[in-house]
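Colleague: For the sequence shown, my numbering assigns the number 3 to the initial residue and increments by one for each residue that follows.
Just so you know, even glycine gets a beta-carbon here, dropped at the ideal spot from N, CA and C.
Below are the structure tokens for one structure; questions will follow.
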Amino acid sequence: LLPVFSFDHFTKLSDDDVRALYAYFMTRKPIHAPARPNGIPFPFNIRYLQAGWKLLFFRPGRFEPEAEKSAEWNRGAYLALGLSHCGACHTPRNLLGAEKPGDVYGGAVVDNWVAPPLTAANPAPAPWTREELYDYLRTGVSKLHGTAAGPMFPVVQGLGALPDSDVRAIATYFADVDKAAERLPYVSGAVSLAMSDALAKEGDQFDSDARLYTAACASCHYNRDNAPLAARPDLALNSAAHLSDPSNLIQVILRGISAEEGMPGVVMPAFGGALSDDDVARIAAYLRRTRTDLPPWPDLTMKIAAIRRQNGAAD
């Protein structure tokens, strides 16, 4: 098997769960699907090389619970590290495609979307608390972070089949990874400061970027100070505006969010056909300038044009 198949995560499954998965797969109706030719370029198409890759990077073994952690934490860790294989997207990889063990959940780019850090390195103003993680994983929406879209949307769909206890267990595990408990007393203050600071920096009626944002975005993204609503994502809190890579913000502006990608009734129109690359760049730059204290993103127009091309090729 090539490492794109996450056997390095599935090795952590219990024998009972592997048997259960096999039993389920055997109930599926078989279809005739001839294997497609191997399109992997040389030399990566040489299967024997996988033996060397596994020798270097594969560590087989079942999940071992941590005795000092709760049963709920260990259940969440088992699901996240094994079946859900969250690190496959959220952990950066080396040149040979192996996850970097020293930067677990440190964030990575997947299909022109950023899988953000799941650690305290996440730059969003508010930490990912257990409650916010549960809401996000269960409904696809967190009022302090944003809405699941892109490659994360199918994850939320898949988690919909899990009982609440398992989703809460995953939330408990990642809240600990994020060290959210250490920052919990400061959440309200951080939210209030981010929202009030953004309001103070919005610009006046003569700011052309502010006018463009007001025309395209403001009517749906306005919230009262310290009272963000899940149905009206506040961009001063949104993770996409605070990442070092603008890809997620660009993708959402271009593609929008369909009704099924958020809570019922939460939609965002796609602006890819209505706004030019320069318009999208102006909105993204304006949000970076007014909703964060972070440095501007470089070469936005070129980045947007590249993402448009790549999206077109993928579609």
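Go through its chain and collect everything with a Cβ distance to Lys-102's Cβ below 8 Å, but skip five positions before and after it.
Modeller: Looking up residue 102 in the sequence shown gives position 100. Same-chain partners within the cutoff: Thr-93, Pro-94, Arg-95, Asn-96 and Gly-108.
Colleague: By DSSP, does Gly-78 sit in helix, in strand, or in coil?
Modeller: On the sequence shown, residue 78 is found 76 positions in, with the first residue counted as 1. Three-state result, Gly-78: helix.
Colleague: Taking 8 Å as the cut-off, does the segment 111 to 130 touch the segment 79 to 94 (at least 3 CB pairs, one atom from each stretch)?
Modeller: yes
Colleague: When you compare the segment 147 to 156 with the segment 52 to 59, are there three or more beta-carbon pairs, one atom per stretch, that lie closer than 8 Å?
Modeller: no
Colleague: Restricting to runs no shorter than 4 residues, where is the alpha helix (DSSP H) found entirely within the segment 250 to 295?
Modeller: 279 to 293
Colleague: Excluding the 5 residues preceding and the 5 following Leu-214 in the sequence, name in chain order all residues of the same chain whose CB lies nearer than 7 Å to its CB.
Modeller: Taking the sequence shown and counting its residues from 1, one reaches residue 214 at position 212. Here the set comprises Asp-281, Arg-284 and Ile-285.
Colleague: For a test of the three-state rule: what should DSSP assign to Leu-98, helix, strand or coil?
Modeller: The residue you call residue 98 lines up with position 96 of the sequence shown. Coil, per DSSP.
Colleague: Closer than 8 Å by C-beta to Val-3: which residues in its own chain qualify, once you throw out the five before and the five after it? Chain order, please.
Modeller: Within the sequence shown, numbered from 1, the residue matching residue 3 stands at position 1. A quick correction: the sequence has Leu, not Val, at residue 3. Excluding residues within five positions, the ones whose Cβ falls inside 8 Å are Phe-9 and Gln-52.
Colleague: Just verifying my parser: in three-state terms, what is the DSSP assignment at Ser-144?
Modeller: Taking the sequence shown and counting its residues from 1, the one referred to as residue 144 is at position 142. If DSSP states are grouped into helix, strand and coil, Ser-144 belongs with the strands.
Colleague: How close, in whole Å, do the beta carbons of Trp-1 and Leu-83 come, if the pair is a contact with beta carbons under 8 Å?
Modeller: This structure leaves residue 1 out entirely; the chain is present only between 3 and 317.
Colleague: Does the distance from the CB of Leu-120 to the CB of Leu-139 come in under 8 Å?
Modeller: Working through the sequence shown from its first residue, we reach residue 120 at position 118. Working through the sequence shown from its first residue, we reach residue 139 at position 137. No, these two residues do not count as a Cβ contact at 8 Å.
Colleague: Using a Cβ distance threshold of 8 Å, determine whether the segment 158 to 172 contacts the segment 183 to 198, with at least three qualifying pairs required.
Modeller: no
Colleague: What is the DSSP secondary structure of Arg-226, counted as helix, strand or coil?
Modeller: Walking along the sequence shown from the start, residue 226 turns up at place 224. Reduced to three states, the DSSP call for Arg-226 is strand.
Colleague: Quick check: what's the CA-CA separation for Arg-185 versus Pro-129?
Modeller: Taking the first residue of the sequence shown as position 1, residue 185 is located at position 183. Taking the first residue of the sequence shown as position 1, residue 129 is located at position 127. Each residue's Cα considered, the two are about 7 Å apart.
Colleague: What does a CB cutoff of less than 8 Å around Ile-33 pick up in its chain, not counting 5 residues either side in sequence?
Modeller: Here the question's residue 33 lines up with position 31 in the sequence shown. No residues qualify anywhere along the chain.
Colleague: What are the boundary residues of the beta strand (DSSP E) that Val-111 is part of?
Modeller: Position 109 of the sequence shown, counted from the start, is the residue given in the question as residue 111. Taken as a continuous stretch (DSSP letters only), the beta strand (DSSP E) holding Val-111 covers 110 to 112.
Colleague: Since Gly-63 and Thr-13 are thought to touch, with beta carbons under 8 Å apart, how far apart are those beta carbons, to the nearest angstrom?
Modeller: Walking along the sequence shown from the start, residue 63 turns up at place 61. Walking along the sequence shown from the start, residue 13 turns up at place 11. Between Thr-13 and Gly-63 the Cβ distance is about 6 Å, and since that is below 8 Å, they are a contact.
Colleague: Is the distance from the Cβ of Pro-5 to the Cβ of Ala-100 below 8 Å?
Modeller: Walking along the sequence shown from the start, residue 5 turns up at place 3. Walking along the sequence shown from the start, residue 100 turns up at place 98. Cβ distance < 8 Å, so Pro-5 and Ala-100 count as in contact.
Colleague: Just list the alpha helix (DSSP H) runs in the segment 167 to 204, keeping only unbroken ones of 4 residues or longer that don't cross its boundaries, in chain order.
Modeller: 182 to 185 and 189 to 202
Colleague: CB-CB under 8 Å to Ile-259, same chain, minus the five flanking residues each way: which ones, in chain order?
Modeller: The residue you call residue 259 lines up with position 257 of the sequence shown. Cβ within range, chain order: Thr-149, Ala-151, Val-268, Val-269 and Met-270.
Colleague: Should Asn-313 and Leu-237 be called a contact, given that it needs their Cβ atoms to be closer than 8 Å?
Modeller: As a first step, residue 313 is located in the sequence shown; it is residue number 311 there, counting from the start. As a first step, residue 237 is located in the sequence shown; it is residue number 235 there, counting from the start. Going by C-beta atoms, Asn-313 is not nearer than 8 Å to Leu-237.
Colleague: Between the beta-carbon of His-223 and the beta-carbon of Arg-234, is there less than 8 Å?
Modeller: Along the sequence shown, one-based indexing puts residue 223 at 221. Along the sequence shown, one-based indexing puts residue 234 at 232. In terms of Cβ geometry, His-223 and Arg-234 form a close pair [threshold 8 Å].
Colleague: Per DSSP, Val-116 is paired with what?
Modeller: Numbered from 1 along the sequence shown, position 114 holds the residue referred to as residue 116. In the DSSP output, where bridge partners are listed per residue, Val-116 has Val-111.
Colleague: Excluding the 5 residues preceding and the 5 following Asn-124 in the sequence, name in chain order all residues of the same chain whose CB lies nearer than 6 Å to its CB.
Modeller: For this step, residue 124 is matched to residue 122 along the sequence shown. Cβ neighbours of Asn-124 within its own chain (closer than 6 Å, five residues either side excluded): Pro-118.
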